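Enquirer: So the sequence shown is numbered by the working numbering: it starts at 8 and just counts up by one. Backbone N, C-alpha and C define an ideal beta-carbon position, used for all residues, glycine too. None of the values given here were measured: they were computed from a predicted structure.
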Amino acid sequence: MGDPVTMLTISTMMSASGDLAEGNAARSAGNFNAAQLQAKGKAKYAEGTRRAFEASRQANITESNARAAMAGGGGSTTDAGASETLALIGAEGDYQALSALYEGKTERAGYDAQAHEEKRAGRAKQRGKKWKALSTLITGGSAAYESYKKPKVKKWDSSMTAEGNIW
Numbered sequence: 008m009g010d011p012v013t014m015l016t017i018s019t020m021m022s023a024s025g026d027l028a029e030g031n032a033a034r035s036a037g038n039f040n041a042a043q044l045q046a047k048g049k050a051k052y053a054e055g056t057r058r059a060f061e062a063s064r065q066a067n068i069t070e071s072n073a074r075a076a077m078a079g080g081g082g083s084t085t086d087a088g089a090s091e092t093l094a095l096i097g098a099e100g101d102y103q104a105l106s107a108l109y110e111g112k113t114e115r116a117g118y119d120a121q122a123h124e125e126k127r128a129g130r131a132k133q134r135g136k137k138w139k140a141l142s143t144l145i146t147g148g149s150a151a152y153e154s155y156k157k158p159k160v161k162k163w164d165s166s167m168t169a170e171g172n173i174w
């Protein structure tokens with residue numbers, strides 16, 4: 008078995024390096040989770056953009072069908088009633104498109120906020136583990152020093168007494 012001071016020093020260093028490794032892993036995990044959340048946010052934003060385009064396209068089709076129905080029925084597409092109906096169809100299409108864009112943008116902002124928090128939590132855990140490693144090194148170093156400065160006591164054996172027996 009090795010010298011107790013050496014063993015204590017090695018144990019302390021291994022414990023401290025384990026804390027540092029755990030902190031680094033926590034930061035890496037936070038960054039990975041943040042990247043995943045940001046990717047989800049980008050996908051939600053793209054989905055909102057696609058839904059907005061589709062809403063706008065559907066409104067244009069509905070407006071076109073309404074014009075065709077008005078003209079096919081012998082009515083005017085330019086009188087006040089027709090213009091108002093077509094304007095309402097266009098406004099509803101715009102509302103649906105803008106709502107889809109807003110939803111996509113809002114969902115992305117939520118994912119970005121979560122990603123920011125994941126990164127922050129990873130950095131905080133890493134910082135905490137660095138302080139724990141430092142504390143471990145200080146505690147272990149202090150214990151090693153105390154162990155080293157203690158006077159070395161020779162183990163008792165029978166040759167230490169005059170008669171060879173203490174009784």
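On the three-state DSSP scale, how would you describe D86?
Expert: If DSSP states are grouped into helix, strand and coil, D86 belongs with coil.
Enquirer: Give, in chain order, every unbroken run of the beta strand (DSSP E) that is at least 3 residues long and sits entirely within the segment 9-81.
Expert: Counting whole runs of 3 or more residues, the segment 9-81 contains no beta strand (DSSP E) stretch at all.
Enquirer: Quick one: residues in its chain with C-beta nearer than 8 Å to the C-beta of A66, no 5 flanking neighbours on either side, listed in chain order?
Expert: Excluding sequence neighbours, A66 sits near I96, G97, E99, G100, D101, Q103 and A104.
Enquirer: Any contact between the segment 21-29 and the segment 141-151? By contact I mean 3 or more CB pairs, one from each, below 8 Å.
Expert: Segments in contact, yes.
Enquirer: Does K157 come out as helix, strand or coil in the three-state DSSP assignment?
Expert: It is coil, neither helix nor strand.
Enquirer: Measure the C-alpha to C-alpha separation of A75 and R115 and round it to an integer number of angstroms.
Expert: Going from the Cα of A75 to the Cα of R115 covers about 39 Å.
Enquirer: When you compare the segment 32-47 with the segment 118-130, are there three or more beta-carbon pairs, one atom per stretch, that lie closer than 8 Å?
Expert: The segment 32-47 vs the segment 118-130: in contact.
Enquirer: Contact between the segment 110-124 and the segment 51-68 is defined here as three or more beta-carbon pairs at a separation below 8 Å; is this criterion met?
Expert: Yes, they touch.
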